[in-house]
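Accompanying notes for the structure given below.
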Amino acid sequence: MDEKKGTLHFIRFIIISGIGGFLLSLTGLPIGWMIGTLLVATFLSILHPSLLKTHYNQKGLPKYWLYIGQCILGIELGQKMNVSVLYTFQENWVSILIMLLLSILLSLLTGLVLWKFSKLDMLTSLFASAPGGLSSLPSIAEEFGANTGIVSIIQTMRVFMVILTIPLIMSLWVGNPNNSGSSATFSTTATGVFELEHILGTIVLVLIAWLGFYLGNYLKLPAPWLVGSMISIALVKSVSSLYFGYELVAWWPQSLLIVSQIFIGASIGSSFQKNMFRGLKKILFISFLSTFGLIFSIFICAYIVSIVTDITFPTSALAFAPGGIAEMTTTAIVLDANSTFVVTVQVLRLVAVCVVLPPLFRFLSNRELKHKAYVSA
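In structure tokens:
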């Protein structure tokens, strides 16, 4: 009975937090559900912690809420990795690899600047500056022992700066394009139509994601519910399409992504504590300047890539942008840029950031801690 009460207690917290997500989503921001829920959950956990107190003496929501949200998000991202992404990579692999490496290196440099000029530890600074997205990085950062509060706040600020500046500047650069619809658009084989065949497809996706979690857990991948499910779905869909000519169509309405954003936002927000935000003013100021420098550097790199290759400057800049897959793709379609190329770079970078960078961050952080211990000795 007490366990049932505790579950209802947590559901009430999630619903109240989700109201904030709903209100912010009315602005039309694709990640509005996530940010709004995160803000309200943070407010409640800091100012009204009694809403989360149960007989379990739990700090924040139980982890299974976060894992459910991560699994849904992993399935969503895995479906984006379809054959068109692979073909685009095959045709432009040199340009894409250069763009991935440059954007990741620039973000790493931003993280090192933040670490050098603030009182943050290296692990938190690197996670806060990595171009992996608000949906995935804070939960991975928590798993690696970084300050999730700071990571979430800086990631939110970076996403806002990127989606407010880069699409606007590109729109002013291009002017009013002749959008004839000739640009390649990006689609998945998910559908919101409720049919028995599609329901079976959904069950198959969930089973693949579940197996992907166990494989990811065995391989010690960061956030296995997110990364494992994402990679397993992408592999199965690509192999079945390439070698068997079969496209798995699943019932996957947009409301599921909203549920994912609410669960992840509420879970991250519920873990915040007052002591996480000490010295926040200086940290935000340094982060603002470093993010501004990152955006400026990205424009320079994008312009150089557009000169060296046959990729247009708008396409290059939108692909380089560190975050905001939905916003950058939409802008690419509106500006008659190559939206498939933009999505390919954005999605592949997200996969690389989630899989490769967290272990690298841990290695750099441990190395720094060992160096400090050696110097102090």
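Numbering-wise (our numbering), the sequence shown opens with residue 949 and increments by one.
Backbone N, C-alpha and C define an ideal beta-carbon position, used for all residues, glycine too.
In this text, all values refer to a predicted model and were calculated from it rather than measured experimentally.
Look at residue 1198 here: in three-state DSSP terms it is strand. Per the coordinates, the alpha-carbon of residue 1257 lies some 15 Å from the alpha-carbon of residue 1050. Note on geometry: alpha-carbon atoms of residue 1062 and residue 1235 lie some 6 Å from one another.
DSSP, read as helix, strand or coil, puts residue 1146 in helix.
Along the region 1006-1090, the alpha helix (DSSP H) occurs as fully enclosed runs of 4 or more residues at 1011-1028, 1031-1039, 1041-1065 and 1070-1077, listed in sequence order. Judged by beta-carbon spacing, residue 1203 lies beyond the 9 Å limit of residue 989, meaning their Cβ atoms are not closer than that value.
When C-alpha distances from residue 1177 are compared across 1157, 1167 and 1169, the shortest belongs to 1157.
DSSP places residue 1314 within a helical segment (H, G or I) once states are collapsed to three.
Taking C-alpha positions only, residue 1011 is separated from residue 1171 by approximately 12 Å. Residue 1301 and residue 1072 have their alpha carbons spaced roughly 15 Å apart. Rounded to the nearest angstrom, the gap between the Cα atoms of residue 1201 and residue 1054 is 36 Å. DSSP assignment within the region 1201-1274 yields the following whole alpha helix (DSSP H) runs of 4 residues or more, N-terminal first: 1202-1218, 1228-1256 and 1261-1268.
Closest option to residue 1248, judged by alpha-carbon separation, among 1100, 1105, 1101 and 1114: 1114. C-alpha of residue 1268 to C-alpha of residue 1245: approximately 10 Å in a straight line.
Judged by DSSP in its simplified three-state form, residue 1168 adopts coil rather than helix or strand. Per the C-alpha coordinates, the member of 1189, 1075 and 1210 positioned closest to residue 1303 is 1075. By the CB criterion at 9 Å, residue 981 and residue 970 fall inside the cutoff. Here residue 990 carries a helix assignment [DSSP, helix/strand/coil].
A direct Cα-Cα distance of roughly 13 Å separates residue 1121 from residue 1284. DSSP places residue 1283 in no alpha helix (DSSP H); its state is neither H nor E. Taking a C-beta distance under 9 Å as the contact criterion, residue 1098 and residue 1057 do not qualify as a contact pair. When only Cα atoms are considered, residue 1164 and residue 1150 end up about 21 Å apart. When only Cα atoms are considered, residue 956 and residue 966 end up about 15 Å apart. For residue 975, there is no enclosing alpha helix (DSSP H), since its DSSP letter is neither H nor E.
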